[in-house]
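Residue numbers (this note's numbering), protein chains in the order written: chain A, 122 to 458; chain B, 3 to 390.
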């Protein structure tokens, strides 16, 4: 285990609920994770499992109402973030935590040039003089690998391709030199070639700038390319965490195994791909016990009644499944309700 | 190494595409619409005429005196020459000719039309300026903060302040002043840090005061509905009849009775804009609410407002002319198109130019603004763009 001074972001028991007239959707229901310095951490899960909501909660961007942070702690570089006022959040967003969104087509304001938008975080946070802003903008565009940055500054978003726009978004997130970048499926809207370029870019920038990256995706292919460690989310909770290598070599939780099983590969050529039976439970009507038990091939009686605890398999490998642990757990499971 | 750094990719520098700014693009589309272009040209002419009119007809010794009375020259038809022998040198009309004829007091109608053009222009622009400012503010409030609630306590404070003002106005000086002071003290207390602290931990009985009552959106939009119920011309007539006759009062009253359309537009735009990804992205960059509203959202909402403002100018000019015609407008010695028309209607058979010229001027200018506004709408609305 690394020392705690290394931890950039730690989330403990984060709960985000969405209240409507007659139901409470528990979108994020007790999530714990840690991001260390210079580390790329992936948050993996199906659509609707609470990945994006967790990310928004880290920046205080959950819309309230109907959303509500129902509990938990988010510590960033040792400071508690939850329960701060709006101004304190604004000082952190974009300055110390950058965020890259899913849709580069719509995340840029259509009526302003790239230069003006790139200057926005610099103006808001650093209040640099104009020549310095231009210089920094050029350097940022150069950093993210955009050709002839001087011309691009005067362009409008519609004149750029999707990949270029995502590069601009990354440049904006980088503008103030943040300690952490949250990337919410930044390559989902892009084609595979551009995706590979963007992933390499993120890797390279992480090395050169010494940042941490929290990368949110549903694509295990992406995970295998960039992740140091992986958190697998299901129905608002973490079900398994391990290093990327451990996940792909020896996943423990039946859900993770199912996900890996359903990836196409050369070995499975000519065979019908596996798919996990059933569907993700609605966040307002989760089953009792383990939320995965209705779809789980290994479910036993206790899975239906008792929320399983985290079981340690190896030093860095933990999964929320005592059934899997019953065979080869090293030091048992912590019970949680 | 990433793909874009290979020599092949960097060797193939993209040829510089012919670049157009948004303005050039819009201008290219706009130019194809001939009627709109005509509207723009007339608008430009009108603008210059009005500015020239102000320069030529004001001051202590104006070049063209719109109020110089020459009784011996009354009701001359357009393009007639003055009888120079009977006039003082200072009374001669511009260019030595009565371009638009003279009225029943021998005043030069051309000079009066120029003076009136400035009135029409300023009324149009100032009134629309006021209505657009109010409209953007109210619409922005309803669109961005519409889902927030007004608390019972805030309603009570408003009631106290209004009652106080009412009492003060009706002669109960001391009680009115007391209520006003109490209301303000309450307001100051509730926004002071000390008050805010207490406010959060009220005893259960008083907690009722913090109960949410009305939604901001409901209040504003229902108020808009109420305002739209009044036939606005009669509302303006009533208000103008109560106020001292002055051009500024007319501008303000027209402005304050025509903001509803803009409010609806801006609210609708804001409701859709606030869900856009770029607004979320701006927020994730740490941009504050006010900056998001004015820097990121208003520029996106401006297009429909611009269109309705252009057409609004036309209707403001028309309203002012109507008021002047009825005698509620700008007080007499000053000429406006409406009161030239109104003065001339007595001589409609003897001197038809006195009604025809201002009438035609109003028609042309209003038409020009409408055509220009519609052309602008076609240019700025991408969905209509396909058809042309």
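Every residue, glycine too, gets a C-beta built ideally from N, C-alpha and C.
- Close partners of residue 267 of chain B in chain A (Cβ separation under 8 Å) are lacking, with about 17 Å as the shortest Cβ gap.
- In this structure, residue 128 of chain A keeps its C-beta atom at 8 Å or more from the C-beta atom of residue 180 of chain A.
- Against chain A, a Cβ distance below 7 Å from residue 117 of chain B picks out nothing, because the smallest value is about 40 Å.
- Among the CB atoms of chain B, none fall inside 8 Å of the CB of residue 161 of chain A.
- Nearest to residue 294 of chain A by C-alpha distance, out of A:421, A:422, A:335 and A:183, is A:335.
- For the region 276-295 of chain B, the set of residues with a beta-carbon nearer than 9 Å to any beta-carbon of chain A comprises 278, 279, 280, 281, 282, 283, 284, 285, 286, 287, 288, 289, 290, 291 and 293, in chain order.
- In terms of Cβ geometry, residue 151 of chain A and residue 134 of chain A form a close pair [threshold 8 Å].
- In the three-state scheme derived from DSSP, where H, G and I count as helix and E and B as strand, residue 361 of chain A is classed as strand.
- Put simply, the region 264-276 of chain A does not touch the region 297-307 of chain A. Fewer than three CB pairs are less than 8 Å apart.
- In the DSSP assignment, residue 250 of chain B falls outside any beta strand (DSSP E) and within the unbroken alpha helix (DSSP H) covering 249-258.
- Taken in chain order, the whole alpha helix (DSSP H) runs of length 4 or more contained in the region 277-341 of chain B are 279-286 and 300-327.
- The beta carbon of residue 158 of chain A sits closer than 7 Å to the beta carbons of 127, 129 and 333 from its chain, once the five residues preceding and following it are set aside; these are given in chain order.
- Chain B has no Cβ within less than 8 Å of the Cβ of residue 156 of chain A.
- Taking a Cβ-Cβ cut-off of 7 Å, the neighbours of residue 298 of chain B in chain A comprise 230, given in sequence order.
- Taking CB atoms only, residue 299 of chain A has no neighbour in chain B less than 8 Å away.
- Proximity of chain B to residue 402 of chain A at the Cβ level (cut-off 9 Å) is not reached, the minimal Cβ distance being about 27 Å.
- Between residue 114 of chain B and residue 303 of chain B, the C-beta gap is not smaller than 8 Å, which leaves the two residues out of contact.
- For residue 188 of chain A, the enclosing beta strand (DSSP E) has its first and last residue at 188-197.
- The Cβ neighbour count for residue 378 of chain B, taken over all protein chains shown within 10 Å, is at least 16; the residue is labelled buried.
- Under the 8 Å criterion on CB atoms, residue 64 of chain B is classed as non-interfacial with respect to chain A.
- In this structure, the alpha-carbon of residue 261 of chain B lies about 16 Å from that of residue 271 of chain B.
- When C-beta distances to chain B are compared with 9 Å, every residue of the region 339-352 of chain A stays at or above that value.
- Assignment of residue 434 of chain A by DSSP, reduced to helix, strand and coil, places it in the strand class.
- Neighbours of residue 148 of chain A in chain B, taken as residues whose beta carbon is under 8 Å from its own, are absent, since the nearest beta carbon is some 17 Å off.
- Distance from the CA atom of residue 327 of chain B to the CA atom of residue 63 of chain B, rounded to whole angstroms, is 28 Å.
- Using beta-carbon distances, residue 306 of chain B does not count as an interface residue toward chain A, since no partner is under 8 Å.
- Close to residue 214 of chain A, with beta-carbon spacing below 9 Å, are these residues of chain B in chain order: 285, 286, 287, 288 and 289.
- For residue 142 of chain B, the closest C-alpha among the options B:362, B:48, B:275 and B:179 is that of B:275.
- Counted as a single uninterrupted DSSP element, the beta strand (DSSP E) harbouring residue 131 of chain A occupies residues 128-140.
- Under the three-state reduction of DSSP output, residue 217 of chain B falls in the strand class.
- Judged by DSSP secondary structure, residue 338 of chain A falls within the beta strand (DSSP E) whose first and last residues are 333-338.
- Straight-line spacing of the CA atoms in residue 220 of chain A and residue 349 of chain A works out to 19 Å.
- When only Cα atoms are considered, residue 248 of chain B and residue 334 of chain B end up about 10 Å apart.
- With 16 or more other Cβ atoms inside 10 Å of its own Cβ, residue 339 of chain B counts as buried.
- Ranking A:291, A:206, A:156 and A:226 by CA distance to the CA of residue 280 of chain A puts A:226 first.
- Chain-ordered, the chain B residues with CB closer than 9 Å to the CB of residue 241 of chain A read 284, 287, 289, 293, 297 and 298.
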